[in-house]
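Heads up, the thing below is written out as C-alpha cells.
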Amino acid sequence: MERRDFDYYEARGDVKLEDITSCENNAEILRRLRDQDTYLDAINITDDYGIADDEDNDWFTAGEGDDLGWLGYFIGKSKYLEELFIYSWEGVEHIEALIDGINRNQSIKSLHIGTDLRGTSFQHLRPFFRNNNNLAQLTLDFEVGLECAQSIVLTLGESRCQSLTNLHLIDCNLGAEGFVGIATALRAYPQLRGLYLQNNNIGLMGCIALGDTLRGWGESNLKYLDLDGNAIGDQGLQALATAMTNSTLEQLYLSNNLITAVGLRSLSDYFQSESCCLKSLYLSRINFGDEGAVALAEGLNGNKSLTSLYFDPHQSGITHDGWAAFSKLVCDTSNVNNIYLSNHIIRTIGDHEMFSTPLEIRQFSRAILTLT
Numbered sequence: 001m002e003r004r005d006f007d008y009y010e011a012r013g014d015v016k017l018e019d020i021t022s023c024e025n026n027a028e029i030l031r032r033l034r035d036q037d038t039y040l041d042a043i044n045i046t047d048d049y050g051i052a053d054d055e056d057n058d059w060f061t062a063g064e065g066d067d068l069g070w071l072g073y074f075i076g077k078s079k080y081l082e083e084l085f086i087y088s089w090e091g092v093e094h095i096e097a098l099i100d101g102i103n104r105n106q107s108i109k110s111l112h113i114g115t116d117l118r119g120t121s122f123q124h125l126r127p128f129f130r131n132n133n134n135l136a137q138l139t140l141d142f143e144v145g146l147e148c149a150q151s152i153v154l155t156l157g158e159s160r161c162q163s164l165t166n167l168h169l170i171d172c173n174l175g176a177e178g179f180v181g182i183a184t185a186l187r188a189y190p191q192l193r194g195l196y197l198q199n200n201n202i203g204l205m206g207c208i209a210l211g212d213t214l215r216g217w218g219e220s221n222l223k224y225l226d227l228d229g230n231a232i233g234d235q236g237l238q239a240l241a242t243a244m245t246n247s248t249l250e251q252l253y254l255s256n257n258l259i260t261a262v263g264l265r266s267l268s269d270y271f272q273s274e275s276c277c278l279k280s281l282y283l284s285r286i287n288f289g290d291e292g293a294v295a296l297a298e299g300l301n302g303n304k305s306l307t308s309l310y311f312d313p314h315q316s317g318i319t320h321d322g323w324a325a326f327s328k329l330v331c332d333t334s335n336v337n338n339i340y341l342s343n344h345i346i347r348t349i350g351d352h353e354m355f356s357t358p359l360e361i362r363q364f365s366r367a368i369l370t371l372t
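Structure follows, in C-alpha cells:
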C-alpha cells in the first residue's frame, strides 16, 4: 500500500470532498475542518456505520478508501479542533497519514485512544506530544501490551509535554512490568492534577514505583488518584501511604483491591499529617471488616479534611462493632470534652445516600450539613 504524506494531500487539496470520502457525513466533517468551523471542536472516529448513523454528525466513519488520510490532512491544518476520540478502525487504510496529521495539530486539548494502534508504534506520536502546547488530557482505554507500554514510556519521557494535566490509563491491563516504566516516566510530569489508573493490575511493584514518583515530585499538583481494581494489597498501600504524606490529593480511589485492616492502618500517619487535604476516600468492594473500620476510625480521629468515606456497607463485612467505631469517631458521647474533640468534618460514611448507615451516624452527618 502506498504511504501518503502531507505533501501528497497538499498537492490535491482542491479536490471535491464528495469524491474522496465514502459517505456524506465524512465529507461534511472535512468541509467544516477545511473552513475552520469554530463549532466543530470534537471528532469521534469509528468503523461502525451503525453508531455513526445514530449519533450526532461529529462521528467520522473510518471506511474503505482514503477517508482517514484526508481526515489527518485537515486535522493537521485545523485551528479549532479541541477533542479527538479514536474508538475503532479495523480494516481501514492510511492510519499513518492520520497520525501524521495529528502530529501537525496544535489545537487538540484532549486525545482519547480506545483501540490498538495496529502496528503503528505509539512513538510515532512523539511530535504531537512534543509540539502541542494545548494538550491537557490523554486517555488510553485498550489492552496495552508490553511493547506498546514501552513505546508509551519512551514517548512520555522524550516529549515532556508540560501542558498535560490529566492522564487516564483505563482497562489497559498494564501489569506491574508495564506500569513501572510509565510511573518512572511520569516523574517528569509534576504538573499532573489527575491520574486515573483503573483496572491495570499494577500490584505491589507498581505501587512502589508510583510511590517513588510521588516523592520525586516534591511539591506536586496531583488532586485525583484513581487506583480502583489494581490488585493492591496491604504492602502496596503501605508503600503509597508513606509517599502521600506531603501530597495535595483531594480524591483517592482504592475500590476493588485486596486491602485489609493492616493496610488501612498504614493510612493513619497520612490522615494525621498537617498537610493532608484529602476530601474523599473510596473503598467499595473491599471486605475490610470490623478491624478495618476501627483502623479507619482511629486514623481519622482529629483529621481536618476528609468529608466523605465511601464504601458499600453490604460488602464491607462490618458489624455492630465497626459501626460503633464510626459512631464514636463522629460523636464520642462519653463526656463533653470528647464530644467537642470528635470529628465534626466527615459528612458521609457508607454509600452516597447512607441508606445502610446506622441512624445515629446519619443524623449527625445531617447536622453537620445543616451547620455548614
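In this text, residue positions in the sequence shown follow full-length UniProt numbering: the first is 1, and each later residue adds one. Glycine included, each C-beta is placed from N, C-alpha and C at the ideal position. From a predicted model like this one, the values you see are computed outputs, not experimental measurements.
Our two residues, residue 304 and residue 48, have alpha carbons roughly 50 Å apart in a direct line. By the neighbour-count criterion, in which a residue is buried when 16 or more other Cβ atoms sit within 10 angstroms of its Cβ, residue 163 is exposed. Of the candidates 125, 232, 89, the residue whose Cα lies closest to the Cα of residue 106 is 125.
For residue 9, the enclosing alpha helix (DSSP H) stretches over residues 6-10. Residue 124 sits in a helix when the DSSP states are folded into three classes. If you look at residue 238, you'll find it isn't in any beta strand (DSSP E); it sits in the alpha helix (DSSP H) that goes 234-243. In the three-state reduction of the DSSP assignment, residue 253 falls in the strand class. Counting of Cβ neighbours within 10 angstroms places residue 10 among the exposed residues, the total staying below 16. Here residue 168 is buried, its C-beta having at least 16 other C-beta atoms within 10 Å. As the crow flies, the alpha-carbon of residue 358 is around 29 Å from that of residue 224.
A contact is defined here as three or more CB-CB pairs under 8 Å, and the segment 17-28 fails this definition with respect to the segment 83-103. Using a C-beta cut-off of 8 Å, the segment 230-242 makes no contact with the segment 272-282, since fewer than three inter-stretch Cβ pairs fall below that distance. One Cα belongs to residue 184, the other to residue 207, and the distance between them is close to 12 Å.
Looking only at 316, 326, 5, 320, the smallest Cα-Cα distance to residue 104 is reached by 5. For the set 97, 128, 300, the Cα lying nearest the Cα of residue 327 is the one of 300. Straight-line measurement puts the Cα of residue 344 at about 21 Å from the Cα of residue 292.
Scanning 148, 190, 311 for the CA closest to the CA of residue 174 turns up 148. Looking only at 176, 160, 75, 150, the smallest Cα-Cα distance to residue 186 is reached by 160. Residues 234, 237 of the same chain have their beta carbon placed closer than 6 Å to that of residue 263, with the five preceding and five following residues left out of the count. DSSP places residue 20 outside any beta strand (DSSP E); the residue lies instead in the alpha helix (DSSP H), whose first and last residues are 17-20. Counting along the chain, residue 100 sits inside the alpha helix (DSSP H) bounded by residues 95-104. By the CB criterion at 8 Å, residue 346 and residue 307 fall inside the cutoff. The three-state secondary structure of residue 177, taken from DSSP, is helix. By the criterion of a C-beta distance shorter than 7 Å, residue 151 is surrounded in its chain by 121, 122, 123, once the five residues flanking it on both sides are discounted. A direct Cα-to-Cα measurement between residue 81 and residue 40 gives close to 6 Å. When DSSP assignments are scanned along the segment 180-241, the uninterrupted stretches of alpha helix (DSSP H) that are 4 or more residues long and fall wholly within it turn out to be 203-217. Relative to the Cα of residue 79, the nearest Cα in the group 351, 37, 228, 72 belongs to 37.
Taking the Cβ atoms as the reference, residue 325 lies roughly 4 Å from residue 297, within the contact range of under 8 Å. Pairing residue 253 with residue 227 gives a Cβ-Cβ distance under 8 Å.
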